[in-house]
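Comments concern the structure below.
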Amino acid sequence: MDKIKIMESSVQKWEKIIAGERSDGGVIDCPPCRIFYGLICFGCPIAAYTGKKFCKGTPYGEWHHHQIEAHDKIRKKVYCSECLRLATEMRDFMIEIVEHMKAERDAAQKED
Ligand SMILES: [Zn+2]
5 MDKIKIMESS VQKWEKIIAG ERSDGGVIDC PPCRIFYGLI CFGCPIAAYT
55 GKKFCKGTPY GEWHHHQIEA HDKIRKKVYC SECLRLATEM RDFMIEIVEH
105 MKAERDAAQK ED
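Counting from 1 along the sequence shown, just add 4 to a position and that's the residue number in our numbering.
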């Protein structure tokens with residue numbers, strides 16, 4: 005199981021949300037959540053990076069809160085410029101994690 009590939013799928017998910025091509029289904033369609041969440045959120049690269057479970061410490065909380073406060077729709081997607089800003093932050097955070105994981109992998113390979 006390639007955790008970097010899973011996180012790259014997450015970047016793509018947020019790219020599509022930014023492009024207005026899809027909505028956010030949270031745990032249901034989050035690539036790492038589908039593998040790591042279960043009921044307990046264990047072993048997810050996002051949690052490893054932030055040191056917090058359930059996506060605390062990421063821009064996701066603000067995105068989720070804004071969706072409920074400002075739009076209150078079943079489908080969480082880009083409705084306004086603030087949505088776009090938060091979705092972009094989330095995408096950039098996923099990229100940051102992918103880059104961090106790649107740097108760690110490259111460092112580990114050099115030690116072999
Ligand atoms: Zn909005």
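Even glycine gets a Cβ: it sits at the ideal position worked out from N, Cα and C.
Between S13 and C59, what straight-line distance do the alpha-carbon atoms span, to the nearest angstrom?
Residue numbering aside, residue 13 sits at position 9 when the sequence shown is read from its first letter. Residue numbering aside, residue 59 sits at position 55 when the sequence shown is read from its first letter. Taking the straight line joining both Cα atoms gives about 16 Å.
Based on the DSSP secondary-structure assignment, which residues constitute the bridge partners of D28?
Sequence index remark: in the sequence shown, residue 28 carries index 24 (1-based). According to DSSP, D28 bridges with K80.
Can you give the beta carbon distance from L88 to I22, rounded, assuming they're within the 8 Å contact cut?
By one-based count along the sequence shown, residue 88 stands at place 84. By one-based count along the sequence shown, residue 22 stands at place 18. Yes, L88 and I22 are in contact; Cβ-Cβ is about 7 Å, under 8 Å.
Quick one: grab the DSSP three-state call for A23.
On the sequence shown, residue 23 is found 19 positions in, with the first residue counted as 1. The answer is coil: DSSP assigns A23 none of H, G, I, E or B.
Classification of K80 by the beta-carbon crowding that lies within 10 angstroms, buried from 16 upward:
Here residue 80 refers to the residue found at position 76 when the sequence shown is read from its first residue. Classification of K80: buried, given that the 10 Å Cβ count is 16 or more.
Any heavy atom of ligand 1 within less than 6 Å of residue CB: hits in chain order:
H70, A74, H75, Y83, C84, E86 and C87
Span of the alpha helix (DSSP H), counted from its first residue to its last, around P36
Here residue 36 refers to the residue found at position 32 of the sequence shown. Run containing P36: P35 to F40, per the alpha helix (DSSP H) assignment.
Using C-beta distances below 8 Å, list every residue in its chain close to V82, excluding the 5 sequence neighbours before and after it, in chain order.
On the sequence shown, residue 82 is found 78 positions in, with the first residue counted as 1. Excluding positions up to five away in sequence, the list reads I21, I22, G24, L88 and A91.
Based on Cα-Cα distance, which residue from K57, I50, D110 and E19 lies nearest to L43?
For the purposes of this step, residue 43 is taken as the residue at position 39 of the sequence shown. Ranking K57, I50, D110 and E19 by Cα distance to L43 puts K57 first.
Here's a check: name, in chain order, each residue in its chain whose Cβ is nearer than 6 Å to the Cβ of G47, leaving out the five neighbours to either side.
Counted from its first residue, the sequence shown places residue 47 at position 43. Here the set comprises F40.
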